[in-house]
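K.L.:
Heads up: take any position in the sequence shown, counting from 1, add 161, and you land on the working numbering.
Note that CB positions come from ideal geometry on N, CA and C, so glycine has one too.
Only a predicted model underlies this, so the values are computations on that prediction, with no experimental measurement involved.
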Amino acid sequence: MYEKPRFLAAGDSALVVEFGNSIAPEINAAIREFVTKLNNSQIKGVLELVPTYRSVLIYFDPLTIKVNTLKEELQNLLETEGETNYSSAYITTIPVCYGGEFGPDLDHVATYNGLSKETVIKRHHSTAYLIYMMGFLPGFPYLGGMDISIATPRLESPRTKIPGGSVGIAGKQTGVYPIESPGGWQIIGRTPLKLYNPDRNPPMLLAAGNYIQFHSINEEEYHKILKEVEEGIYQVQKAPHQGSEAS
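So this is what it looks like as structure tokens:
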């Protein structure tokens, strides 16, 4: 984490505030605190905020606020003392049916790492994952904390269609495809939950700064939960998160 955040130009109507050069919980915490302050400050001319692993992209209207003025306003916010309240963070349980038709790449992930499929599954769902940010699809969570012993490179040739709910591994990251999409992650399972539903309020099930815990289920349980989700009667399991942040 940098001693002081860096300001980087991103064209004539955007500015990047960079907090560090690595993926780390303390950087993520600083970003979330800064975004909260910035949202509350309502600086005139700021249009949109895009928080990432280690920076915040700020879109602004250059006809309303000059970039140097914006930098001054942002610097004042950064120097304002504040305390982020993590007691409100919660952990969401994500049921996953691993392997088989739902996880066509589980065998490869196991073979690549010299592990059994059962070990890969256990190590994948034994961690509480911090949600660092949301992207590249609506509701797609970028997670930190995966056991590096199951890290696996992306597919050499991406698939043109990956079903919504697919759980994948790409390098040292793991994530969940919220909707059907092309993609190159190694797919090891699928959840029956709908991470993104435009008819739901809010439409995204997850949010940055919270946590998820995967839970292994069998195919029968998958279809039972899916039916309940489609009928609108499934109760997503959420609880207050206890303990330190995952790295």
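Could you tell me which of P265, L238, M162 sits nearest to S129, measuring between CA atoms?
P.N.:
Outside the modelled stretch of the chain, which goes from 162 to 408, sits residue 129, for which no answer is possible.
K.L.:
Below 8 angstroms on the Cβ atoms is my guess for G370 versus T352; work out the distance and round it to an integer in Å.
P.N.:
Not confirmed; about 20 angstroms, so no contact.
K.L.:
With a CB to CB cut of under 6 angstroms and the five nearest residues on each side skipped, what residues in its chain are close to V211?
P.N.:
Hits under 6 angstroms: L218.
K.L.:
Cutting at 6 angstroms between CB atoms, please list the residues of its own chain near E187, excluding the five before and the five after it.
P.N.:
Counting only Cβ-Cβ distances below 6 angstroms, and skipping sequence neighbours, we find M162.
K.L.:
What is the rounded straight-line gap between the Cα of E209 and the Cα of F180?
P.N.:
Cα to Cα, the separation comes out at about 18 angstroms.
K.L.:
Would you decide whether I348 is buried or exposed? Buried here means 16 or more other CB atoms lie within 10 Å of its CB.
P.N.:
Label assigned to I348: buried.
K.L.:
Within the continuous beta strand (DSSP E) that includes Q334, where are the two ends?
P.N.:
334 to 337 is the extent of the beta strand (DSSP E) around Q334.
K.L.:
Following the continuous beta strand (DSSP E) through R351, name the residue where it begins and the one where it ends.
P.N.:
R351 -> beta strand (DSSP E) spans 347 to 351.
K.L.:
Please return the same chain residues whose Cβ sits closer than 6 angstroms to the Cβ of K399, not counting the five positions on each side in sequence.
P.N.:
Here the set comprises Y251, T253.
K.L.:
I'd like to confirm the pairing. Which residues does DSSP put opposite G305 in its beta bridges?
P.N.:
Paired residues: L291.
K.L.:
For G336, collect the residues of the same chain with a Cβ closer than 8 angstroms to its Cβ; drop the 5 residues on either side in sequence, then sort them by chain order.
P.N.:
Here the set comprises F301, P302, Y303, L304, V328, G329, W346.
K.L.:
Using a Cβ distance threshold of 8 angstroms, determine whether the region 364 to 384 contacts the region 307 to 317, with at least three qualifying pairs required.
P.N.:
No contact exists between the region 364 to 384 and the region 307 to 317.
K.L.:
Is there contact between the region 258 to 270 and the region 291 to 298, where contact requires at least three CB pairs shorter than 8 angstroms?
P.N.:
Too few Cβ pairs lie closer than 8 angstroms, so no.
K.L.:
Quick check on I394: buried or exposed, where buried means 16 or more other Cβ atoms within 10 Å of its Cβ?
P.N.:
Answer is exposed; the Cβ neighbour count stays below 16.
K.L.:
Return the CA-CA distance between A368 and M294, expressed in angstroms with no decimal places.
P.N.:
Answer to the nearest angstrom: the Cα atoms are 8 angstroms apart.
K.L.:
With a threshold of 16 other CB atoms inside 10 Å of the CB of K232, please say whether the residue is buried or exposed.
P.N.:
That one is exposed.
K.L.:
Please list, in chain order, all residues of the same chain as I323 whose beta carbon is under 8 angstroms from its beta carbon, the five residues on each side excluded.
P.N.:
These residues qualify, in order along the chain: G329, Y338, E341, S342, P343, G344, W346, I348.
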